[in-house]
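These protein sequence lines map, in sequence, to chains S and G. Note that my numbering has the first sequence beginning at 1, numbered continuously upward. Note that my numbering has the second sequence beginning at 1, numbered continuously upward. Where a beta carbon is used, it is the ideal one built from N, C-alpha and C, also for glycine. Contents: one structure, followed by commentary.
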Amino acid sequence: MSKRSEDFKRKIQKVLFRTIKRATTQAPDEIVKSLNRSLNAEDSEIAKAQLELMLENFAYGAQNKIPICQDTGILNFFIEIGSEFPIITNFKDIIDKTVVKATRTIPLRANSVDPLTNKNPESNLGINVPPIYTDIIDNDANLKITILPKGGGAENISKLFMLNPADGLHIFQQKIIESIKKAGGMPCPPIILGIGIGGDATLCMKLAKKALLRPINLRHQREDVANLELLLLDKINALKIGPMGLGGRTSCLDVHIELAMRHPASFPVGLIVQCYSHRYAYFKMNEKGEIIDEG
Amino acid sequence: MRVNIDLPVKEKELRELHLGDIIYLNGLIITARDQAHKKIIQLNEKGNLPNSLKNLEGSAIYHCGPIIRENKGDYEFISGGPTTSQRMNSFENEVIDILKVKFIIGKGGMKSLNTKNYRVIYLSLTGGCGAIIQKKVKKIVNVELKTLGICEAIWFLEIEDFGPLIVSQINEKSLYDQDF
C-alpha cells in the first residue's frame, strides 16, 4: 500500500473512533430540544418524571463521556464516497479495527452474538457485522461516514409488510398504527419512525433505516409525502402511549418516509422503529484528507 | 407520592404502595436477563443454585444487561438502564418462586406477571437511561453466571436512591394497556 493511502487510512481510523464515541455518548441537540418540547407539553407527573430522567441522563452521559444507553446497539455504518475521493479500499478493515478499539476503550457493550451457538466474541465483530451500507456519489470528492447505533428494543418492533397493491396505500397506515399500538412501551417511546414505501423487500427496509438519519421536523420535499408523515405522526400521538408507554401526549417525535418505485405486483412497506435515545454522528473528509464537517 | 424503600422490603411497606406511585430503592439487587432466568430455573431443578442467590428474599430483580469495565478482577459499572421485560415473560413467575424477590424492575411491563395479593410488584424504570444509573450504583458486590457473558451475567449491585421507579403493576392492576 502506498504511503498516501496509509496516511488516509490512519486519518480515517482516528476520526472514525471519535465519531463512534460521539454516537454512543451524546444525543444530538435536535433530540434534546425535541424532548424538552415534549416535557413542556405533558401534564402527568409520571410522563414528566420519564422525560426529566431522559434529559438528565443525556447530560450525565455527555459530561462523563460514557454511553448514554447501555445498549450501544449494532453499529450501522453508512458510507457515502465521492467518485473523486482518492481511496476506496480497506474500509472494512478500518471499521473492524476501530470497532474493536471502541468496544474496549469507550467501552461499548459487546452486542454480536452467533445466532446458532449464542457465542459472543465480546468484540462487536463476527459474521456479517457490523453492517456497512455504501453509496458512491457521482462528481463528488468527499467521504462521509455516518454511524447509527441501533438498539435491540426498538429494532424488535421493526417490520416488513408486503401488501396488495390494490389496497396498499390505505392499509399501510392501519398496519403501522397497529404495530406501534401493540408495541406500547417496548421500543422506548417517544419513538421516531423511518418508513420506506415501494422498491422491493430489501430496498424499502434500507430506505426506512436511512430515513431515520433525516433531522427531526425536516419534511420530505414532496408535499404528498410530507402530509402523510404529519398524518401518521398525529395518529400515533393520539394513541396516548406516552413516554415509556406509561401514558401521555408524546408517543412519537417524528415520522420520516422515503419512496422508491414499486413493482406492479408488489406494495412493500418497511418500518424501522427508533427509540427516543436516537443517537447518530458523522464526519466528512475532503480529498486532501481534511475533516470539513463533524456532527 | 415519593417513597424511599430499603431492601429487603417489609410486607407492610409493599401493601402501602399504589399504582402510579414513584419510589426510590436502596440496598442489594441483582441483574438478570433471559439467559440468566433460564439458568436459575435449571440450576434450581438440579439443586445447584449458588448460595448467593438464596439470600434475596424481599429484594429485586433488575432486567438489565450493563456495560461493565473489568480491570484485573475489579469491576466498574459504566452504563446500565433497563431492558425489555417481556423477554422474561415465560420464566419470571417461576424465578420469583425460587428467589422470593418482591420487586421486578424493568421497562415495558410484563404480560404474564402474577402480581396477585402483592406477591410481587413491577416497577418501571425509564429505558435508555444507562449513564445516570452509574451514579446510583454504589458498588458491584458479586457476580454469578459470568460464563454467560458480561451482558447476560447476574450482577449483584449495591444501589442508592435508585429511581424514579413507577409502580406500574401491582395486585392485578396495571398502568400498561391491557391488551399489550
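Consider the Cβ of residue i: report whether some Cβ of chain G lies at a distance smaller than 8 angstroms.
i	result
S/LEU246	yes
S/GLY126	no
S/ASN64	yes
S/ASN57	yes
S/ALA110	yes
S/SER38	no
S/ALA49	yes
S/SER158	no
S/CYS252	no
S/GLN26	no
S/GLU155	no
S/GLU42	no
S/SER179	no
S/TYR60	yes
In terms of residues, what are the limits of the beta strand (DSSP E) holding residue i?
i	result
G/SER124	121–124
S/LEU246	Taken as a continuous stretch (DSSP letters only), S/LEU246 belongs to no beta strand (DSSP E), as it is neither H nor E.
G/ARG2	2–6
S/GLY73	Counting along the chain, S/GLY73 falls outside any beta strand (DSSP E), and DSSP gives it neither H nor E.
S/LYS284	281–285
G/ALA60	60–62
G/ARG87	No beta strand (DSSP E) holds G/ARG87; DSSP gives it neither H nor E.
G/GLU70	67–71
Give a yes or no on whether the minimum CB-CB distance between residue i and chain S is below 8 angstroms.
i	result
G/ARG69	yes
G/LEU175	yes
G/ILE22	yes
G/GLY166	Strictly speaking, residue 166 of chain G in this sequence is Ile, with Gly absent from that position. Yes, G/ILE166 counts as interfacial toward chain S.
G/HIS18	no
G/GLY73	no
G/LYS139	no
G/PHE180	Low confidence applies here, because G/PHE180 scores a pLDDT of 42, under 50, leaving its location unreliable; read the following figure in that light. Cβ-Cβ to chain S under 8 angstroms: yes for G/PHE180.
G/SER112	no
G/GLY106	no
G/GLN42	no
G/ILE61	no
G/ILE78	yes
G/PRO66	yes
G/GLN169	no
G/LYS146	no
Please classify residue i: is it buried, with 16 or more other beta-carbons within 10 angstroms of its beta-carbon, or exposed?
i	result
S/HIS297	Look at the range of chain S in this structure, 1 to 295, and you will see that residue 297 of chain S is not part of it.
S/GLY295	exposed
G/GLY65	buried
S/LYS3	exposed
S/LEU212	buried
S/ASN111	buried
S/ASN237	buried
S/ALA291	The sequence given here has Ile at residue 291 of chain S, not Ala. It counts as exposed.
G/ASP179	Its pLDDT being 46, under 50, G/ASP179 is placed unreliably in this model, and the value from its coordinates should be taken loosely. Exposed, since its Cβ has fewer than 16 Cβ neighbours within 10 Å.
S/GLN174	exposed
G/GLN169	buried
S/ILE136	exposed
S/ASP254	buried
S/THR105	exposed
G/GLU152	buried
Can you check which of these residues, the options, is closest to residue i by C-alpha distance?
i	options	result
S/GLU30	S/SER44, S/PRO215, S/ASN286 and S/TYR282	S/PRO215
S/LEU207	S/LYS119, S/ARG222, S/LEU271 and S/LEU169	S/LEU271
S/LEU296	S/ALA141, S/ILE94, S/ALA154 and S/ILE87	Residue 296 of chain S lies beyond the residue range present for chain S, which begins at 1 and ends at 295; the question has no answer from this structure.
G/PHE77	G/ARG69, G/LYS54 and G/THR83	G/ARG69
S/ILE56	G/LEU7, G/LYS173, G/GLY163 and G/VAL95	At residue 56 of chain S the sequence reads Glu, which differs from the Ile that was named. For S/GLU56, the nearest C-alpha among the options comes from G/GLY163.
G/ASP6	G/LYS116, G/ASP21 and G/GLY27	G/GLY27
S/GLU258	S/ASN227, S/ARG249 and S/GLU287	S/ASN227
S/MET162	S/PHE172, S/ASN156, S/ALA154 and S/GLY153	S/PHE172
G/LYS100	G/GLY47, G/GLY81, G/ASN51 and G/SER59	G/SER59
S/ASN286	S/LYS235, S/GLU80 and S/THR98	S/GLU80
S/ALA181	S/LYS240, S/PHE8, S/PRO165 and S/SER266	Note on residue identity: the sequence assigns Lys, not Ala, to residue 181 of chain S. Per the Cα distances, S/LYS240.
G/LYS10	G/HIS63, G/ASP21, G/MET110 and G/ARG119	G/ARG119
I'd like the span of the alpha helix (DSSP H) that includes residue i, first residue to last.
i	result
S/ILE20	3–25
G/GLY106	Per DSSP, G/GLY106 belongs to no alpha helix (DSSP H); it is in the beta strand (DSSP E), 103–106.
S/ARG37	29–41
S/VAL225	223–237
S/TYR60	45–64
G/LEU99	92–99
G/LYS146	G/LYS146 -> no alpha helix (DSSP H), and no H or E assigned at all.
G/ARG15	11–15
G/GLY27	Segment 22–31 is the beta strand (DSSP E) holding G/GLY27; no alpha helix (DSSP H) there.
G/ASP34	34–45
S/ILE241	Careful: S/ILE241 lies outside any alpha helix (DSSP H) and carries neither H nor E.
Is residue i a contact residue of the ligand HEM, with contact defined as CB to any heavy atom under 7 angstroms?
i	result
S/LEU143	Only the bare structure without any ligand can be found here, which leaves the ligand HEM out of the picture.
Whole alpha helix (DSSP H) runs in the segment 156–211 of chain S with 4 or more residues, listed along the chain?
Correct list: 168–183 and 201–211.
Members of the segment 83–101 of chain G near chain B, C-beta cut-off 8 angstroms
In summary, chain B is missing from the structure at hand, where the protein chains are S and G.
Contained alpha helix (DSSP H) runs [length at least 4] in the segment 77–121 of chain S, N- to C-terminal order
Counting whole runs of 4 or more residues, the segment 77–121 of chain S contains the alpha helix (DSSP H) stretches 91–105.
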